[in-house]
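Protein chains in written order, with the numbering used here: chain A, 17 to 164; chain B, 17 to 164; chain C, 78 to 150; chain D, 78 to 150. From the three backbone atoms N, C-alpha and C, an ideal C-beta is built for every residue, glycine too. The structure presented is a predicted model; accordingly, all values stated were derived computationally and were not measured. Read through the structure below, which is laid out as structure tokens, and then see the notes.
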Amino acid sequence: MVLVCEGPIDVEALLAGWYCAEHNRNYGAMVTFVGTVREEGGIEALSFDIYRPLLDRWFLGWKERLEKEGALLEMAHSEGDVPVHTSSFACAIFSPKRRVALQMLDAFVEDFKANAPIWKYDVIDGKRIYAADRSTPMAGSGLLAKGR
Amino acid sequence: MVLVCEGPIDVEALLAGWYCAEHNRNYGAMVTFVGTVREEGGIEALSFDIYRPLLDRWFLGWKERLEKEGALLEMAHSEGDVPVHTSSFACAIFSPKRRVALQMLDAFVEDFKANAPIWKYDVIDGKRIYAADRSTPMAGSGLLAKGR
Amino acid sequence: MVKVEFLGPIGKSPVEVEASSLADLAEILKKDPEVARWLESSAVAVNDKVVESLDVKLHSGDRVSLLPPVCGG
Amino acid sequence: MVKVEFLGPIGKSPVEVEASSLADLAEILKKDPEVARWLESSAVAVNDKVVESLDVKLHSGDRVSLLPPVCGG
Numbered sequence: 017m018v019l020v021c022e023g024p025i026d027v028e029a030l031l032a033g034w035y036c037a038e039h040n041r042n043y044g045a046m047v048t049f050v051g052t053v054r055e056e057g058g059i060e061a062l063s064f065d066i067y068r069p070l071l072d073r074w075f076l077g078w079k080e081r082l083e084k085e086g087a088l089l090e091m092a093h094s095e096g097d098v099p100v101h102t103s104s105f106a107c108a109i110f111s112p113k114r115r116v117a118l119q120m121l122d123a124f125v126e127d128f129k130a131n132a133p134i135w136k137y138d139v140i141d142g143k144r145i146y147a148a149d150r151s152t153p154m155a156g157s158g159l160l161a162k163g164r
Numbered sequence: 017m018v019l020v021c022e023g024p025i026d027v028e029a030l031l032a033g034w035y036c037a038e039h040n041r042n043y044g045a046m047v048t049f050v051g052t053v054r055e056e057g058g059i060e061a062l063s064f065d066i067y068r069p070l071l072d073r074w075f076l077g078w079k080e081r082l083e084k085e086g087a088l089l090e091m092a093h094s095e096g097d098v099p100v101h102t103s104s105f106a107c108a109i110f111s112p113k114r115r116v117a118l119q120m121l122d123a124f125v126e127d128f129k130a131n132a133p134i135w136k137y138d139v140i141d142g143k144r145i146y147a148a149d150r151s152t153p154m155a156g157s158g159l160l161a162k163g164r
Numbered sequence: 078m079v080k081v082e083f084l085g086p087i088g089k090s091p092v093e094v095e096a097s098s099l100a101d102l103a104e105i106l107k108k109d110p111e112v113a114r115w116l117e118s119s120a121v122a123v124n125d126k127v128v129e130s131l132d133v134k135l136h137s138g139d140r141v142s143l144l145p146p147v148c149g150g
Numbered sequence: 078m079v080k081v082e083f084l085g086p087i088g089k090s091p092v093e094v095e096a097s098s099l100a101d102l103a104e105i106l107k108k109d110p111e112v113a114r115w116l117e118s119s120a121v122a123v124n125d126k127v128v129e130s131l132d133v134k135l136h137s138g139d140r141v142s143l144l145p146p147v148c149g150g
């Protein structure tokens, strides 16, 4: 399951917790990715909607893919408002082999950006504005626009 | 400068410290790699020699390469004995862009393995045995074996 | 009846419609201008599973979700 | 005199030799069986900078380091 946080992620506690739980299980490599809200375009925060059932299903698919490589995947994401300079996304991969960890981190983060059912909004003057220009149609989009 | 630790790295404190120092400097992505000693081949620890002047020079080259991309590089490595299930290597990249962070993490870790002036020994029954089979000649090796 | 939910920025409350396939549902949703403009860019899940064919049959109690363009992180 | 140091697993104390180039030094080190077996797999640094040509001149006080195969992490 994805750890969903109301508001910003406590990155220090989360990374420490993941490391603590796994460092003595004989994984040789841990890699992590943390996404932090940048101050740009006059925003005070980003805000996120998550569709949890599908997010968990998507995440489980990745977890199983990594298990086949002997690796472990963890992930957390924020729901609601995340002020600038705080973090909304974190993930970690533990693997016996560093190549698997490095390659899968890249592939997972890119697929996360393209296909995780999460919607982003800029928060400006307290208003939530959908980040349409930075959003990507998920794989399979447009199905219901097709004719018979 | 590379942070050189006598014995294992305190990974939790290190990652927390790096995150704390940089999360409010408008980098959008932090990626990290942590290397932990695996229990295998009957070892009780790995042990490391480091040639610090050259390690710092090599690291500075990478730091400058990343600065050109607007990114920041940090690294720590252990010297001496590091027991199984504790960590000997950690690095972090902070970048405005996730592609730079992910690509450079992979490139940096691979070059680290091939060219950082660090020597690894297995510790078995208290004895230090050079890990010759896992070691890689650095770029430019064999120069003094050449004839005139 | 099939329940249709509109996720994220579409910002529309769920509706219940009679439809025996996704093709049926497509014809219904195209008539709602508030929804029609999202169809081209949205993926579709039936009971929380993304589907890629209009031939998918729908049964009473099924839940269809419209998933507009995403951006996590 | 040039100081030569043998890093990591070579496990030999530094020596001081007379050599005006790396080519000179190579001839000297090839005669020491303890060192000769490492030459093929070792890189060479002069004053902490890795060099890739035997033509590099050496001056009194220079420090040459032999760097056997590495494995960090």
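Asked, Found
"Pull up the CB-CB distance for A/L51 and A/S103, whole angstroms please, since I reckon it's below 8 Å.", "Contrary to the premise, residue 51 of chain A reads as Gly rather than Leu in this sequence. 6 Å between Cβ atoms; contact."
"With DSSP run on the structure shown, which of helix, strand or coil describes C/D132?", "coil"
"I want to verify the contact list: residues of chain B whose CB lies under 7 Å from the CB of A/P99, in sequence order.", "None at all; the shortest Cβ gap to chain B is about 10 Å."
"Considering only the alpha carbon of each residue, which of B/H101, B/G58 and B/P153 lies closest to B/K143?", "B/G58"
"Let me confirm a value: C/P110 is counted as buried when at least 16 other C-beta atoms fall within 10 Å, else exposed. Which label applies?", "exposed"
"Measure the alpha-carbon distance for B/R68 versus D/L84 and round it to whole angstroms.", "11 Å"
"Alpha carbon to alpha carbon, how far is C/C148 from C/G100? Give it in angstroms, no decimals.", "According to the sequence shown, residue 100 of chain C is Ala rather than Gly. Those two C-alpha atoms are separated by around 28 Å."
"Taking Cβ-Cβ distances shorter than 8 Å, what residues in chain G pair up with A/T52?", "No chain G is part of this structure, whose protein chains are labelled A, B, C and D."
"To the nearest angstrom, how far is it from the Cα of B/H93 to the Cα of D/P146?", "18 Å"
"Taking the Cβ atom as the reference point for each residue, do C/A96 and C/L135 lie within a distance shorter than 8 Å?", "yes"
"Tell me, please, whether the segment 146–159 of chain B touches the segment 115–124 of chain D by the rule of three or more beta-carbon pairs shorter than 8 Å.", "yes"
"For A/R114, would you say it is in contact with chain C, using Cβ-to-Cβ distances shorter than 8 Å as the test?", "no"
"Between C/L144 and the rest of its own chain, which residues show a CB-CB distance below 8 Å, the 5 nearest in sequence each way excluded?", "L84, G85, S119, A120, V121, A122 and V127"
"Using a beta-carbon distance below 8 Å, is A/M120 in contact with chain C?", "no"
"Could you name each continuous beta strand (DSSP E) segment of 3 residues or more that falls completely within the segment 38–100 of chain B, going from the start of the chain to the end?", "45–52, 61–66 and 88–99"
"Go ahead and pull the three-state DSSP assignment for B/A132.", "coil"
"What do you get for D/S90, buried or exposed, if any count of 16 or more other CB atoms within 10 angstroms of its CB means buried?", "exposed"
"Return helix, strand or coil for C/V112, following the three-state DSSP convention.", "helix"
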